[in-house]
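Each number in the working numbering corresponds to the 1-based position in the sequence shown with 1241 added. See below for the structure under consideration.
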Amino acid sequence: MSEGAVVCVVGLGYIGLPTATILATTGSTVIGVDVSERTVEAVNAGRVPFVEPDLETVVAGVVAQGRLRAQVEMPEAEVYIVAVPTPFADDHDVDDSYVRQAAEAIAPRLRGGELIILESTSPPGLTERMADYVLAERADLTGDAGTRHSLYFAHCPERVLPGRIMAEIVENDRIIGGVSTEAAERARDLYATFCRGQLLLTDARTAELAKLAENSYRDVNIAFANELSIICDRLGIDVWELITLANHHPRVNILSPGPGVGGHCIAVDPWFIVAAAPEEARLIRSAREVNDAKPQFVVEKVMARAARFREPVIAALGIAFKADVDDLRESPSRAIVGQLADEMAHARLLVVEPHVEALPAELADRPNVEHRELQAAVAEADIVLVLVDHASFAAMDREALVDKVVIDTKGLWR
1242 MSEGAVVCVV GLGYIGLPTA TILATTGSTV IGVDVSERTV EAVNAGRVPF
1292 VEPDLETVVA GVVAQGRLRA QVEMPEAEVY IVAVPTPFAD DHDVDDSYVR
1342 QAAEAIAPRL RGGELIILES TSPPGLTERM ADYVLAERAD LTGDAGTRHS
1392 LYFAHCPERV LPGRIMAEIV ENDRIIGGVS TEAAERARDL YATFCRGQLL
1442 LTDARTAELA KLAENSYRDV NIAFANELSI ICDRLGIDVW ELITLANHHP
1492 RVNILSPGPG VGGHCIAVDP WFIVAAAPEE ARLIRSAREV NDAKPQFVVE
1542 KVMARAARFR EPVIAALGIA FKADVDDLRE SPSRAIVGQL ADEMAHARLL
1592 VVEPHVEALP AELADRPNVE HRELQAAVAE ADIVLVLVDH ASFAAMDREA
1642 LVDKVVIDTK GLWR
């Protein structure tokens, strides 16, 4: 990639915007594209439309320097990085409509020789499918005998933890998977401008499956912890004490249970493996089913404890998918609150989520759900339900819990 090359990042969400920002700090001119005019306006004002520590300061700096700008139209560029959603469809296979729309928007802007990278989490073969979508629009760029020599396609999955993205995007090792060897080498040269971790070259399909395998490994281990928590509940055993004791074994490291598994990766990615190899992915499927069933277990536990109250007031602490972020995607806590509101019409749900300004519409529109501050919600509640281990919840005065029914799915107040 030439020095000062124009890079277009398609999708300015939790991954796309940090990627665009870090590239802009290394000398590239970066144009971010997003379908949301609100997001475009925020970025051009140097603001970040979601919570991510340390990101807004850097965004404001590169925007002020003219290194980063956002727009809704697709520009011409030397490199395109596609970071759009890849949700699963009803059959748990990938919904690639956002990738296809991005590919079809990029195609008319190409002149030949561009590098097109898919960062979105993908089942094996999606990067090649993206290439097919582009080349279906631009047959003039297919090269000799139908080869792809005049365009370069690669898959470079992200490996960052929300809340630590700006550090991990630089420090973590990176898998670089090319549809061709030259595509992988070109992508490596781009990521080498900011990544201090190892850059590991492979083919695109292996890179796609590697990302899915990483998140499926975690999902299987979380499922073990969640299943243990259900067993312990039936047997009257404190699961947190059990795990602490078991983890004193030098080769055991059981993870922490919770109300389920959420987020854009671990709750989604294993299903792509199941869809790709349904007969073989038996353990991965079972783990997904255990984790997907955990919210129902929590709902039933709350309803059983609430039966003693005529009109129970439940303070539900947290609807983000993990601690100290505002990301609600695939959040089991969000689903739990919605189901409780539906099944307990006589109850009031006081939702405490300090990282969002307003509840999502499917909760805000329910007549028995309110968005409240922590102290007020706990003071009024009969039942305090911990769903997310936000730092502000951990720091609250435990005296406020006296005479409350406490259901702590995160072991926050052990």
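Note that CB positions come from ideal geometry on N, CA and C, so glycine has one too. Quick caveat: nothing in here was measured; it's all calculated off a predicted structure.
(request) Could you name the residues that DSSP lists as bridge partners for ALA1508? (result) Mapped onto the sequence shown, residue 1508 falls at position 267. Looking at the DSSP output, ALA1508 sits in no beta bridge, so it has no partner there.
(request) For GLN1439, name the three-state secondary structure that DSSP assigns. (result) On the sequence shown, position 198 is the one that residue 1439 refers to. Looking at GLN1439 - three-state DSSP - the assignment turns out to be coil, as it is neither helix nor strand.
(message) On the criterion of 16 or more Cβ atoms from any shown chain inside 10 Å, does SER1574 qualify as buried, or is it exposed?
(response) Locating residue 1574 in the sequence shown gives position 333, counting from the first residue. With at least 16 other beta carbons inside 10 angstroms of its own, SER1574 counts as buried.
(request) Identify every run of the beta strand (DSSP E) within the stretch 1409-1481, keeping only runs that are complete inside it and at least 3 residues long; order them along the chain. (result) Taken in chain order, the unbroken stretches of beta strand (DSSP E) that lie wholly in the stretch 1409-1481 and span 3 residues or more are 1415-1419, 1440-1444.
(message) Under DSSP, the alpha helix (DSSP H) around VAL1493 begins and ends at which residues?
(response) Reading the sequence shown from its first residue, position 252 is the one you call residue 1493. Judged by DSSP secondary structure, VAL1493 falls outside any alpha helix (DSSP H); it is assigned neither H nor E.
(request) Mind the definition here: the stretch 1533-1547 touches the stretch 1389-1406 only if three or more C-beta pairs lie below 8 Å; say whether that holds. (result) No: the two stretches stay apart, fewer than three of their Cβ pairs being nearer than 8 Å.
(message) Using a Cβ distance threshold of 8 Å, determine whether the stretch 1362-1373 contacts the stretch 1400-1413, with at least three qualifying pairs required.
(response) The stretch 1362-1373 and the stretch 1400-1413 do not touch, with fewer than 3 CB-CB distances between them shorter than 8 Å.
(request) Might you give, ordered along the chain, the residues of its own chain that have their beta carbon closer than 6 Å to the beta carbon of GLU1621, omitting 5 neighbours on each side? (result) In the sequence shown, counting from the first residue as 1, residue 1621 sits at position 380. Correct list, in chain order: VAL1554.
(request) Name, in chain order, the residues that DSSP records as bridge partners for GLU1611. (result) Here residue 1611 refers to the residue found at position 370 when the sequence shown is read from its first residue. LEU1591.
(message) I need the DSSP call for GLY1503, collapsed to helix, strand or coil.
(response) Position 262 of the sequence shown holds residue 1503. The answer is coil: DSSP assigns GLY1503 none of H, G, I, E or B.
(message) Buried or exposed for ARG1589, going by 16 or more other Cβ atoms inside 10 Å?
(response) Taking the first residue of the sequence shown as 1, we reach residue 1589 at position 348. Classification of ARG1589: buried, given that the 10 Å Cβ count is 16 or more.
(message) Using CA atoms only, rank isn't needed, just tell me which of PRO1294, ARG1492, CYS1473 is closest to LEU1483.
(response) To locate residue 1483, count along the sequence shown from 1; it is residue 242. Ranking PRO1294, ARG1492, CYS1473 by Cα distance to LEU1483 puts CYS1473 first.
(request) Look at the alpha carbon of ARG1437 and the alpha carbon of ARG1400, and state the distance between them as a whole number of angstroms. (result) Residue numbering aside, residue 1437 sits at position 196 when the sequence shown is read from its first letter. Residue numbering aside, residue 1400 sits at position 159 when the sequence shown is read from its first letter. Taking the straight line joining both Cα atoms gives about 14 Å.
(request) Pick out the complete beta strand (DSSP E) segments inside the stretch 1319-1390, 3 residues or longer, and give them in chain order. (result) Taking only runs of at least 3 residues, the beta strand (DSSP E) segments lying wholly in the stretch 1319-1390 are 1320-1323, 1356-1359.
(request) Please name the residue, chosen from LEU1486, GLY1354, VAL1625, that lies closest to LEU1376 on a Cα-to-Cα basis. (result) Reading the sequence shown from its first residue, position 135 is the one you call residue 1376. With distances taken between Cα atoms, LEU1376 lies closest to GLY1354.
(request) Over the uninterrupted beta strand (DSSP E) stretch that includes LEU1626, give me the two end residues. (result) Translated into the one-based positions of the sequence shown, residue 1626 becomes position 385. Where LEU1626 is concerned, the enclosing beta strand (DSSP E) stretches over 1624-1627.
(message) Tell me which residues share the same chain as HIS1587 and place their Cβ nearer than 7 Å to its Cβ, disregarding the 5 neighbours each side in the sequence.
(response) What you label residue 1587 is simply residue 346 of the sequence shown in a count that begins at 1. Here the set comprises GLU1552.
(request) Classify LEU1483 as helix, strand or coil using the three-state DSSP reduction. (result) In the sequence shown, counting from the first residue as 1, residue 1483 sits at position 242. Three-state result, LEU1483: helix.
(request) Using alpha carbons as the reference points, say which of ALA1445, GLY1404, GLN1439, LEU1496 lies closest to GLU1423. (result) Here residue 1423 is taken as the residue at index 182 of the sequence shown, counted from 1. Minimum Cα distance to GLU1423 is reached at ALA1445.
(request) Please classify HIS1505: is it buried, with 16 or more other beta-carbons within 10 angstroms of its beta-carbon, or exposed? (result) Counted from its first residue, the sequence shown places residue 1505 at position 264. Burial is judged here by how many other beta carbons sit within 10 angstroms of a residue's own beta carbon; HIS1505 has at least 16 and is buried.
(request) Go ahead and pull the three-state DSSP assignment for PHE1562. (result) Along the sequence shown, one-based indexing puts residue 1562 at 321. When DSSP states are grouped into helix, strand and coil, PHE1562 belongs to the coil group.
(message) Whole angstroms are fine: how far does the CA of GLY1501 sit from the CA of ILE1525?
(response) In the sequence shown, the residue the question calls residue 1525 occupies position 284. In the sequence shown, the residue the question calls residue 1501 occupies position 260. About 15 Å.
(request) Within the same chain, show all residues whose beta-carbon is closer than 8 Å to that of HIS1596, passing over the 5 residues directly before and after it, in chain order. (result) Here residue 1596 corresponds to residue number 355 of the sequence shown, with the count starting at 1. Result list for HIS1596: VAL1292, ALA1561, ASP1565, VAL1566, ASP1567, HIS1631, in chain order.
(request) Report the partner residues of PHE1394 according to the DSSP bridge assignment. (result) Walking along the sequence shown from the start, residue 1394 turns up at place 153. Note: PHE1394 is bridge-paired with ILE1357 in the DSSP secondary-structure output.
(message) Using a Cβ-Cβ cutoff of less than 7 Å, which residues in the same chain neighbour ALA1246 once the five nearest sequence positions on both sides are dropped?
(response) Taking the first residue of the sequence shown as position 1, residue 1246 is located at position 5. These residues qualify, in order along the chain: SER1269, GLU1319, VAL1320.
(request) Could you name the residues of the same chain whose beta carbon sits closer than 6 Å to that of ALA1508, not counting the 5 residues immediately before and after it, in chain order? (result) If you number the sequence shown from 1, residue 1508 lands on position 267. Correct list, in chain order: VAL1502, GLU1571.
(request) Note down the Cα distance separating ALA1522 from THR1434, rounded to an integer number of angstroms. (result) Indexing the sequence shown from 1 puts residue 1522 at position 281. Indexing the sequence shown from 1 puts residue 1434 at position 193. Roughly 37 Å separates the two Cα atoms.
(message) Considering Cα atoms alone, identify which of VAL1250, ALA1283, LEU1626 is closest to THR1274.
(response) Working through the sequence shown from its first residue, we reach residue 1274 at position 33. Before going on, a small fix: residue 1274 reads as Val here, not Thr. Closest in C-alpha terms to VAL1274, from the list VAL1250, ALA1283, LEU1626, comes VAL1250.
(message) If the criterion is Cβ atoms closer than 7 Å, does the pair ALA1548 and PRO1498 meet it?
(response) Your numbering for residue 1548 matches position 307 in the sequence shown. Your numbering for residue 1498 matches position 257 in the sequence shown. In this structure, PRO1498 does not lie closer than 7 Å to ALA1548 by Cβ.
(message) Taking a contact to mean a Cβ-Cβ separation below 7 Å, would you say VAL1281 touches VAL1289 in this structure?
(response) What you label residue 1281 is simply residue 40 of the sequence shown in a count that begins at 1. What you label residue 1289 is simply residue 48 of the sequence shown in a count that begins at 1. Taking 7 Å as the Cβ cut-off, VAL1281 and VAL1289 do not qualify as a contacting pair.
(message) Within 10 Å of its beta-carbon, does THR1485 have 16 or more other beta-carbons around it, so buried, or fewer, so exposed?
(response) On the sequence shown, position 244 is the one that residue 1485 refers to. Classification of THR1485: exposed, given that the 10 Å Cβ count is below 16.
(request) Kindly indicate which three-state DSSP category LEU1309 falls into: helix, strand or coil? (result) Here the question's residue 1309 lines up with position 68 in the sequence shown. Strand, per DSSP.
(request) Would you kindly work out how many angstroms separate the C-alpha atoms of HIS1490 and VAL1313, rounded to a whole number? (result) Counting from 1 along the sequence shown, the entry for residue 1490 is found at position 249. Counting from 1 along the sequence shown, the entry for residue 1313 is found at position 72. Linking HIS1490 to VAL1313 through their CA atoms gives a straight-line distance of about 54 Å.
(message) Measuring only the C-alpha atoms, how far is GLU1378 from MET1315?
(response) As a first step, residue 1378 is located in the sequence shown; it is residue number 137 there, counting from the start. As a first step, residue 1315 is located in the sequence shown; it is residue number 74 there, counting from the start. If I take the Cα positions, the gap works out to 15 Å.
(request) Could you please give me the residues that DSSP links to ALA1617 through a beta bridge? (result) On the sequence shown, residue 1617 is found 376 positions in, with the first residue counted as 1. Its beta-bridge partners do not exist; DSSP assigns none.
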